[in-house]
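J.: Structure incoming, see below.
In this note's numbering, the protein residues as written are 423 to 622.
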C-alpha cells in the first residue's frame, strides 16, 4: 500500500495524518479491553496545545506530557540507563561520561535544601549488594550555601565543607567568619608533609 491516509483532511502530508477536531479534544484513544476507560490519549488541551496521556486501566493518569501545562510521571520508578530502577529516579552509566548534570539559569528562592546524592554499589556480605551514600552536594535555599558531605560506613552523611553565599569557605565549621576558616577539635588543622612520620 502506498500513498497517504488522511482523517479529517483531504490533503494529508504524512503517511497517516489526523486533522484535529478542535481544542480540548482527544484525537487518538486506546480503550481498555474490559471497560470504557481510555488508557492512552493524544489530543489538544483547551488552549490548543498538544497533550499525551498514559493512564491505568481505572482511568487514572500515570504519565502526562503537556506542551504548555504540567507534565509528570506518576507510574512508579523511572530508570535511565537501567530497566530495573529501585529509586524514584535512578540514572546508571556504564561509561566514564557524566551520568547527570543539573543546571539553572536562576537561583532558587525556596527556603529548603536541594541536594544531589552520590551512591555506590558495594558488597556488604558475600554477593549481597547494597547501595550506600558516599557523598552529596546540597544548596541551602534560604542562604544559597553550597554544602559538601561525605559518608562512612558507621556514620550518616557528615558535612565536610561549606561555601557560603558571602563567598567564605568553611572546613569543619558551618559558619566560617573569614574567607577561609578551618576548624578541627583534635588533630592539627593544617598539616604539610612528605611522609606519614615527618611533617613540616
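Think of the CB as a built atom: it goes at the ideal place given N, C-alpha and C, for glycine as much as any other residue.
1) What span of residues does the beta strand (DSSP E) with residue 441 cover, start to end?
2) For residue 610, count neighbouring Cβ atoms within 10 angstroms of its own Cβ and tell me buried if that reaches 16, exposed if not.
3) Which residues mark the beginning and the end of the beta strand (DSSP E) in which residue 590 is found?
4) On the criterion of 16 or more Cβ atoms from any shown chain inside 10 Å, does residue 601 qualify as buried, or is it exposed?
5) Alpha carbon to alpha carbon, how far is residue 450 from residue 432? Give it in angstroms, no decimals.
6) Going by DSSP in three states, residue 486 sits in which element: helix, strand or coil?
7) Please report how far the alpha carbon of residue 498 lies from the alpha carbon of residue 514, in whole angstroms.
8) Out of 483, 457, 447 and 571, point me to the one whose CA is closest to residue 472's CA.
9) For the pair the stretch 469-484 and the stretch 499-506, tell me if three or more CB-CB distances fall below 8 Å.
T.: With the structure as the only source:
1) By 1-based counting over the chain shown, the position of residue 441 is 19. No beta strand (DSSP E) holds residue 441; DSSP gives it neither H nor E.
2) Residue numbering aside, residue 610 sits at position 188 when the chain shown is read from its first letter. Answer is exposed; the Cβ neighbour count stays below 16.
3) By one-based count along the chain shown, residue 590 stands at place 168. No beta strand (DSSP E) contains residue 590, which DSSP labels as neither H nor E.
4) Here residue 601 refers to the residue found at position 179 of the chain shown. When all chains shown are included, residue 601 counts as exposed.
5) Numbered from its first residue, the chain shown carries residue 432 at position 10. Numbered from its first residue, the chain shown carries residue 450 at position 28. Spanning the two alpha carbons is a distance of roughly 18 Å.
6) By one-based count along the chain shown, residue 486 stands at place 64. Three-state DSSP puts residue 486 in a strand.
7) Position 76 of the chain shown, counting from 1, holds the residue named residue 498. Position 92 of the chain shown, counting from 1, holds the residue named residue 514. So the two alpha carbons sit approximately 17 Å from each other.
8) Here residue 472 is taken as the residue at index 50 of the chain shown, counted from 1. Nearest of 483, 457, 447 and 571 to residue 472, Cα basis: 447.
9) no
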